[in-house]
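This report refers to the structure that appears directly beneath it.
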């Protein structure tokens, strides 16, 4: 069943939903990357919640003018208008008053959403309002999606991706270094506005599939996931799009494969799973690799200090140090060095002594700054410099 | 509306709405000042999975398991956000966005999957609450306020939200100085030997308590609106913390009473039969108050 869903074999409607969702997921991931890098991820939450009163107003206007209130393009146009007013309210509150951006986001989000709820209850009392199903915009609903709706969502997604491609350079510049961007002639406010406009576009297009409460997840989670894998902005953008698309494809497929599985929440949860796996396993920035790096560093410090202690005949009490030395065959259980341990210990002590001299020598100041108790001095100084230092220390003694 | 109807149908929802607004606004002052306003947003989203979890475990809609479940969910969310922020090196806004959307999605999915047909538990109820239904059927007029039999029939939500409001107000009064110092100058607070991290955590826990108790009665919309709008508006009125808290209390009470009245009677003045959502109206009024403060507040810049 799931395989059928994922390979588009599950009938017309499921295929329609999946294709639209994948395009939406890709567009959201790509757009969200810039929002995330600009550290304004949660502005999208305000935009998303601000769509609700617009949906209500559009429904009322359409109904009063004698049209079908459920006309999707009309509702989306209405939602875009109040989303824009919400966006401007956030900008205005955070730039013109002393309120910080997070307070502005929370205030705009809750006030618009409250107004939207009031309008929904007004609509429920209208004669045509009972079957309006506007609550579906809260959590999304893909049941009974029309071909025209799917085409609208897919086209919207494509348009957003095309615009991101067009503005990718100024937007990456602004995301990384707003100060540099503005001195090199990029109009900060315009690029910010373009970015937010694209976010608004994705939000509006995504209302039908994932709903206004969860659409921010598509904008935030894939870019955060992609960020674990690479430091290059173009790659983050493409990976975020890919993660968004994959999450939408799997989520929509799972949702179609059994009853009572809502599409929006499933897409978000698949997306979160991709995030969790990436955070755990990604090279360099992932938890596992951080842990390995930490362990390696810890072992290095313990080995070095243990060898120095052995060389100076001091007793070792630290259990981890003894365990590490024993495991490498450098010390016996009673803490006495083995033959090889004594050699390595003498070498470590000599290295330490060389560093000590190097740090006391003004000409070697720069190189000596790299002393961290782990780096071998051979990695930093030339053979000639070391010979010079050794000349001052005196020749090595034979290990008994 | 005569006194009898007022006591039966309006007094308790009005009180519950006001107390919910009050407790959230009190905690919200410190969230706004510490730039943690969106913690309130995150908490109000993750209450849903907590409640669904409590329902799945106990199989009933009973209060204490639900309060416990949502408190657990709030703590899990805070820990996850902190872990992602610290170990994943992700900025706090994005970390929050990842956690609360995923937890909310899990809550919705669990709700759809479980059989909740026999009980009153759905997403819309969680979002909007149902303030209008918290009526006091045993009341027969103002005299019922001193009648023990009638008082026993008060909605239990009233006791819970009163308790939480009193607890939060007491904490505020007792810990006023450390709260104020650590909010404005964390470094100075640390040199004084104040437990800065514990105070920060305490504020988040108090907010979670307020959110859960208010959520139980009035839905998450009021929670977010009251955490942020009255304190933010109060911030634009004054430079003094004491005055700010006082303004936020006033704004919260005005929003609750005006919003409730407008929702109940407003449509009738316009010639319509049906009332609109009280929770939504209270949030809207709070937004309007903030807009006025942003335009005319004496300390807006």
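Protein chains in written order, with this note's numbering: chain A, -11 to 388; chain B, 35 to 335. Backbone N, C-alpha and C fix where the C-beta goes; we use that ideal spot for every residue, glycine too.
The C-beta distance from residue 248/B to residue 57/B rounds to 6 Å, short enough to meet the 8 Å contact threshold.
Residue 79/B counts as buried, since no fewer than 16 other beta carbons sit within 10 angstroms of its beta carbon. For residue 250/B, the number of other beta carbons within 10 angstroms of its own is at least 16, and it is reported as buried.
Leaving aside the five residues that flank residue 217/A on each side, the residues in its chain whose CB is nearer than 7 Å to its CB run, in chain order, 227, 266 and 270. DSSP places residue 229/B in the coil class of the three-state scheme, outside both helix and strand. With its beta carbon less than 9 Å from one in chain A, residue 135/B belongs to the interface. For residue 247/A, the closest C-alpha among the options 120/B, 143/B and 253/B is that of 143/B. Counting along the chain, the unbroken alpha helix (DSSP H) around residue 139/B starts and ends at 126 to 147. The C-beta of residue 71/B has 16 or more other C-beta atoms within 10 Å across all chains shown, which makes the residue buried. If you check each beta-carbon in the stretch 234 to 258 of chain A against every beta-carbon of chain B, the ones closer than 9 Å belong to 248, 249, 250, 252, 253, 254, 255, 256 and 257.
The residue from 233/B, 216/B and 232/B with its alpha-carbon nearest to that of residue 225/B is 216/B.
No Cβ-Cβ contact shorter than 9 Å links residue 162/A with residue 347/A. Every candidate beta strand (DSSP E) stretch fails here, since none sits fully inside the stretch 297 to 382 of chain A while reaching 3 residues.
At the C-beta level, residue 324/B and residue 267/B come within 9 Å of one another. In the three-state reduction of the DSSP assignment, residue 174/A falls in the coil class, being assigned neither a helical nor a strand state.
Under the three-state reduction of DSSP, residue -8/A is assigned to helix.
Residue 147/B reaches chain A at 248 and 249, counting residues in chain order whose Cβ is nearer than 9 Å. Taking the C-beta atoms as reference points, residue 314/B is found no nearer than 9 Å to residue 96/A. Inclusion of residue 283/B and residue 264/B in the CB contact set at 9 Å is warranted, their separation being smaller than that value. Nearest C-alpha to residue 260/A among 236/A, 241/A, 19/A and 2/A: 236/A. Shown here for residue 199/A: same chain residues with a beta carbon closer than 8 Å to its own, the five before and five after excluded, namely 124, 125, 126, 127, 128, 129 and 252 in chain order. About 6 Å separates the CB atoms of residue 207/A and residue 187/A; that is less than 8 Å, so the two are in contact. Taking 9 Å as the cut-off, the beta carbon of residue 33/A is found closer than this to the beta carbon of residue 131/B. Using a Cβ-Cβ cut-off of 9 Å, residue 109/A counts as an interface residue toward chain B, since at least one Cβ of chain B sits closer than that to its own. If you draw a straight line from the Cα of residue 142/A to the Cα of residue 110/A, it is about 32 Å long.
Scanning 319/B, 316/B, 311/B and 187/B for the CA closest to the CA of residue 113/A turns up 311/B.
Residue 238/B and residue 104/B have their C-alpha atoms spaced approximately 14 Å apart.
For residue 223/A, the secondary structure class from DSSP, reduced to helix, strand or coil, is helix. The beta-carbon of residue 5/A is placed no less than 9 Å from the nearest beta-carbon of chain B. The count of Cβ pairs closer than 8 Å, one atom from the stretch 37 to 52 of chain B and one from the stretch 289 to 307 of chain B, reaches three, so the stretches are in contact. For the 9 Å CB-CB criterion, residue 70/A and residue 40/A form a contact. 9 Å or more divides the Cβ of residue 160/A from the Cβ of residue 212/A. Per DSSP, reduced to three states, the secondary structure at residue 124/A is helical. In the three-state reduction of the DSSP assignment, residue 261/B falls in the helix class. The three-state secondary structure of residue 95/B, taken from DSSP, is coil. Any Cβ of chain A closer than 9 Å to the Cβ of residue 159/B would place that residue at the interface, and such an atom is absent.
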